[in-house]
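Structure first, commentary second.
Number of protein chains: 2
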Amino acid sequence: MTISQAVARTAKASAAKSDTPDQNSGARQILNATAWLLRHRGYEATTTRAIAERVGIKAGSIYHHFPSKDAIVERVINEGVLLVHKAVMSALDALPKKATPRDRLQAAIKAHLLSSLEHSDYTSASIRAFAFLPPELRKTCRVERRRYEDIWQQLMKDASEAGYIPKDVSLDAARLMLLGAVNWAGEWYRPGRVPIDKIATDFAQIAFGARRT
Amino acid sequence: MTISQAVARTAKASAAKSDTPDQNSGARQILNATAWLLRHRGYEATTTRAIAERVGIKAGSIYHHFPSKDAIVERVINEGVLLVHKAVMSALDALPKKATPRDRLQAAIKAHLLSSLEHSDYTSASIRAFAFLPPELRKTCRVERRRYEDIWQQLMKDASEAGYIPKDVSLDAARLMLLGAVNWAGEWYRPGRVPIDKIATDFAQIAFGARRT
DNA sequence: CGTTATACCTACCAATCGTTAGGGAGACTC
DNA sequence: GAGTCTCCCTAACGATTGGTAGGTATAACG
Chain A
1 MTISQAVART AKASAAKSDT PDQNSGARQI LNATAWLLRH RGYEATTTRA
51 IAERVGIKAG SIYHHFPSKD AIVERVINEG VLLVHKAVMS ALDALPKKAT
101 PRDRLQAAIK AHLLSSLEHS DYTSASIRAF AFLPPELRKT CRVERRRYED
151 IWQQLMKDAS EAGYIPKDVS LDAARLMLLG AVNWAGEWYR PGRVPIDKIA
201 TDFAQIAFGA RRT
Chain B
1 MTISQAVART AKASAAKSDT PDQNSGARQI LNATAWLLRH RGYEATTTRA
51 IAERVGIKAG SIYHHFPSKD AIVERVINEG VLLVHKAVMS ALDALPKKAT
101 PRDRLQAAIK AHLLSSLEHS DYTSASIRAF AFLPPELRKT CRVERRRYED
151 IWQQLMKDAS EAGYIPKDVS LDAARLMLLG AVNWAGEWYR PGRVPIDKIA
201 TDFAQIAFGA RRT
């Protein structure tokens, strides 16, 4: 028995049984490792043995916590969408009442970028790895994604009615353009160069013009 | 021997030896099949056996035309970038001399979208599959990509000098936002719904405002 | 102290991966 | 017509994949 296993074992003693395992439980460590691998290596390269190695256990032991690899992946992807969903909602709620639709859009952009680029491998995984998931998996994960996209639909509608989007431009096109830009950011963003706040304000300014005072 | 093999064989007789194999040669069929698989299924799912099946041959026969799977993939990715590069250059050259920087940007957006969404599995593959390529492969393919991105760098510079981009916005951010939006389009675009021309004009209008007359 | 549950292990399975060796059949060359 | 070249085949290789069976050590509970 290795030291890390012993540590994990004693830590487990104080872990309460829950549907959402806490940070240091075995199940959570597996989810964390899977999220990292999905984000950085993609679905196929996220093997059960690679997951196990990151956790410090053997591949077979994974199946004590989850019934299959795809069950882990599905969980990670859905948690990733939920995290960015909550992050954007919180950012919007934290805004003053007098915030304009443009202010709200910029806040949403910033929250989305922060979640996917800095805070969460889960969110990044749900964006980057989604495209080439097995079809059945993509299907089940699509529900949570649609729910999240509804936020942006509403933000776009408000911005359009406030005159921030040209009348002859499709709202769907505007939403897809903005979500495309922020989702693609994971392909080029590197920590420590351009701060996310600057990226968010630049994106908002390009799409919706300077802030009206 | 199957009929399709016999047909391919007689067709091969008239194929001249060339570095860029013509459309119906064995090598080109393999590249086509690989491009399709990379676009729709991703790198890991693009197995030698899947490629062979789409061509109508056996997996081992691929190695008569290429030294390895990665050699085929590298070729497909690079040809994809070259294709969209040429498409954008042609579209810009076809513009009248009096075209504004904004006109040129919109034409480039349209050409990029057409190439990646309708015309070429190669271009689509080079965009969608690039992220999770093996590191060495990503490295060799990055050269051609940089060359293509230089076009957009120049387009952005011209647009900025003509006043289409706010002065306090980073040109890099503008370029990355626009390229992100068009590259992500492959994730949601479905043929026969919104025409690509409409998408291109909407994107240009959101980013650079209405066309000045 | 004996029982039970938890969390891990080893060792294996069938399937699939990229790749190779060796052979065969048609087509071109002399 | 013999020899060579092109293009494909079959059959296998070692490695790796997701997943399973059965065993073991620890902790908690009665």
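Those protein sequences? They're chains A and B, same order as listed. Counted from 1, the first sequence has number 80 at position 80 by the working numbering; the numbering is strictly sequential. Counted from 1, the second sequence has number 171 at position 171 by the working numbering; the numbering is strictly sequential. Heads up, the beta-carbon is just placed ideally off N, CA and C, and yes, glycines get one too.
In the DSSP assignment, find the alpha helix (DSSP H) that holds Leu133/B and state where it starts and stops. DSSP places Leu133/B outside any alpha helix (DSSP H), giving it a letter other than H or E.
Does Arg9/B pass the burial test, meaning 16 or more other C-beta atoms within 10 Å, or should it be called exposed? Any answer about Arg9/B is weak, because its pLDDT of 41 lies below 50 and its placement is not dependable; what the coordinates show is given next. Its Cβ having fewer than 16 others within 10 Å, Arg9/B is exposed.
Have a look at Arg156/B and Glu44/A and give me their C-alpha separation to the nearest angstrom. Strictly speaking, residue 156/B in this sequence is Met, with Arg absent from that position. Straight through space, the alpha carbons of Glu44/A and Met156/B are spaced by roughly 37 Å.
Where Met177/B meets chain A, residues with beta-carbon distance less than 7 Å: Ala181, Phe203, Ile206
Does Ser170/B have its Cβ less than 8 Å from a Cβ in chain A? Taking Cβ atoms only, chain A reaches closer than 8 Å to Ser170/B, which makes this a yes.
Can a CB atom of chain B be found closer than 8 Å to the CB of Gly80/A? So no, Gly80/A is outside the interface.
Span separating the alpha-carbon of Leu179/A from that of Ser61/B: 43 Å
Euclidean distance between Cα positions of Asn32/B and Arg39/B: Answer to the nearest angstrom: the Cα atoms are 11 Å apart.
Pick helix, strand or coil for Val81/A, following the three-state DSSP scheme. helix
Which residues in chain B sit within 8 Å of Pro166/A, going by Cβ to Cβ distance? Gln205, Ile206, Gly209, Ala210
Whole alpha helix (DSSP H) runs in the stretch 61-128 of chain B with 4 or more residues, listed along the chain? Counting whole runs of 4 or more residues, the stretch 61-128 of chain B contains the alpha helix (DSSP H) stretches 69-93, 101-114, 121-128.
Can you tell me where the alpha helix (DSSP H) holding Ile51/A begins and where it ends? Element bounds for Ile51/A: 48-55.
Are Pro166/A and Ala200/B closer than 8 Å when you measure CB to CB? Contact: no.
Should Val194/B and His112/B be called a contact, given that it needs their Cβ atoms to be closer than 8 Å? Taking the C-beta atoms as reference points, His112/B is found no nearer than 8 Å to Val194/B.
Could you check what DSSP says for Arg39/A in three-state terms: helix, strand or coil? helix
Cα-Cα, which of Ala207/A, Leu171/A, Gln205/A, Thr140/A is closest to Ala71/A? Thr140/A
Checking contacts by CB at 8 Å: is Gly42/B closer than that to chain A? yes
Cβ-Cβ distance between Ala87/B and Leu114/B below 8 Å: yes
Starting from Glu136/A, find everything on chain B with Cβ-Cβ shorter than 7 Å and list it in chain order. Ordered by position in chain B, no residue passes the 7 Å Cβ test against Glu136/A, which lies about 14 Å from the chain.
Do you know whose CA, among Tyr63/A, Ile127/A, Leu95/A, lies nearest Ile77/A's CA? Ile127/A
Within 7 Å of chain B by C-beta, residues of the stretch 116-141 of chain A in sequence order: Arg128, Ala131, Phe132
Who are the neighbours of Glu187/A on chain B, taking C-beta pairs under 7 Å? Ala131
Distance, Cα to Cα, Val169/A vs Ile196/B? Taking the Cα positions, Val169/A is about 14 Å away from Ile196/B.
Any C-beta of chain A under 8 Å from that of Ile199/B: The beta-carbon of Ile199/B is placed less than 8 Å from the nearest beta-carbon of chain A.
Interface residues of chain A around Trp184/B at Cβ under 7 Å? Gly180, Asn183, Trp184
Please work out which residues of its chain come closer than 7 Å, Cβ to Cβ, to Ala107/A, disregarding the five sequence neighbours upstream and downstream, and give them in chain order. Ala91, Leu92, Leu95
At least one CB of chain B closer than 8 Å to the CB of Ala35/A: is that the case? No, because no Cβ of chain B sits closer than 8 Å to the Cβ of Ala35/A.
Beta-carbon neighbours of Ala173/B, restricted to chain A and to distances below 8 Å: Val194, Lys198, Ile199, Asp202, Phe203, Ile206
Going by Cα to Cα distance, which pick from Ala185/B, Leu171/B, Asp202/B, Glu136/B is closest to Phe203/A? Leu171/B
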